[in-house]
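Last residue of the sequence shown? That's 1331 in the numbering used here, and every number before it is there in order.
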Amino acid sequence: MFKPSQPMMARLRLTTKQVNGGYYKGNRSGSMGYFAKNGSYVIDWKKVRTYAVPENLDTFKLTPFVTKRMAPTRSKYTKEIEKDGRPITLERALEAKDYLDLWAADNGQEVMEQERVDEAAARKREAAAAAAARSKARRAGKKNGAPAA
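Structure follows, in structure tokens:
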């Protein structure tokens, strides 16, 4: 009978039968310790990865990709607050409104096209609703014996 290899098993989805039994696949990273009887987690330092620092690291000749002499890059997203009667400009993170503004600026044509499609669909729905209302009114008029218009 065919049995999948360990790497293949890692890619397969869990079945409902495995999940109901409490089966846990994990990501093969292993545990760094164990749970004690009181519920706390105890780290087993023999399992923790440690990295050896190269000797003479301070005289190492390779340099980072960015020079240390470069001034920090200022954010273009700022906010104005008032402190002691003086306005102060502070940096802030990118917010959702900023992201949407950027997206709309880059995809303006797509936004306009989608609005046009939405308006056309709304007009079509309104016309269909009006036609259905007229048809219903005609049917109601025929039942009452009134001549159709």
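Note that the Cβ used here is the ideal one computed from N, Cα and C, for glycine as well.
Bounds of the alpha helix (DSSP H) holding V1299 are G1290 to K1325. DSSP lists F1217 as the bridge partner or partners of Y1223. The C-beta separation of M1214 from K1229 comes to about 5 Å, placing the pair in contact by the 8 Å criterion.
The continuous stretches of beta strand (DSSP E) do not include R1195, and DSSP gives it neither H nor E.
DSSP places T1245 in the coil class of the three-state scheme, outside both helix and strand.
Nearest Cα to P1269 within the set A1275, K1261 and L1276: K1261. Counting only residues of its own chain and dropping the five nearest sequence neighbours on each side, Y1233 has no CB closer than 7 Å to any other CB.
Residues Y1223 of the same chain have their beta carbon placed closer than 7 Å to that of F1217, with the five preceding and five following residues left out of the count. In the structure shown, K1185 falls within a coil segment according to DSSP collapsed to helix, strand and coil. Looking at the DSSP output, P1269 bridges to E1264. Spatial neighbours of I1263 in its own chain (CB-CB distance under 7 Å, excluding positions within 5 residues in sequence) are listed in chain order as I1270 and L1272. The C-beta separation of L1282 from Y1259 comes to about 14 Å, leaving the pair out of contact by the 8 Å criterion.
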